[in-house]
Amino acid sequence: MGGANGSFEAQEQMDDGYEAASFQSAAPQRDSANANANLDVVLDIPVTLSMEVGRRRMTIRELLKLGQGSVLELDREAGSPMDVLVNGTLIAQGEVVVVNERFGLRLTDVVSMRERIKRLNKE
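Structure below.
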């Protein structure tokens, strides 16, 4: 079965009617065409991109006291860069800008592509 392109070949038939199988090496191929084909499979998968101004921890008691007009102090100073997250994973930081009367973000620091893939792969 399979031969050079298959995953295993049947060998001699055993006394009990079963055949022993020999398997080829499962070493990963380093072919760049294969790597690009593997990457192409995931390029159209949608992800959630979010920008984070800051964070704050609070108790349930504090949370229940919140109402309209409440002010929450965050863990960052005003003017600090915002985090850009993809599915909750930090991939960049940037500063808020206005584009055609809408908020935008100018990226000031971007994690390398290799590191982004590594971080996203951990999920």
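Heads up: the sequence shown begins at 3 in the numbering used here, then just goes up one per residue. In this text, a Cβ means the ideal position worked out from N, Cα and C, and glycines have one as well.
#### Entry: Cα-Cα separation, residue 87 to residue 44
The residue labelled residue 87 in the question sits at position 85 within the sequence shown. The residue labelled residue 44 in the question sits at position 42 within the sequence shown. Using only the alpha carbons, I get a separation of about 18 angstroms.
Check: Any chance the region 42-61 sits against the region 75-94, with 3 or more Cβ pairs inside 8 angstroms?
Finding: yes
Subject >> One or two residues paired with residue 77 in a DSSP bridge >> reply: On the sequence shown, position 75 is the one that residue 77 refers to. Paired residues: none, contrary to the question.
> Is it right to say residue 93 is buried, meaning 16 or more other beta carbons lie within 10 angstroms of its own, or is it exposed?
Replying inline: To locate residue 93, count along the sequence shown from 1; it is residue 91. Classification for residue 93: buried.
| said: Closest to residue 61 by C-alpha separation, out of 74, 105, 99, would be which residue? | reply: For the purposes of this step, residue 61 is taken as residue 59 along the sequence shown, with counting starting at 1. Of the candidates 74, 105, 99, the one whose C-alpha sits nearest the C-alpha of residue 61 is 74.
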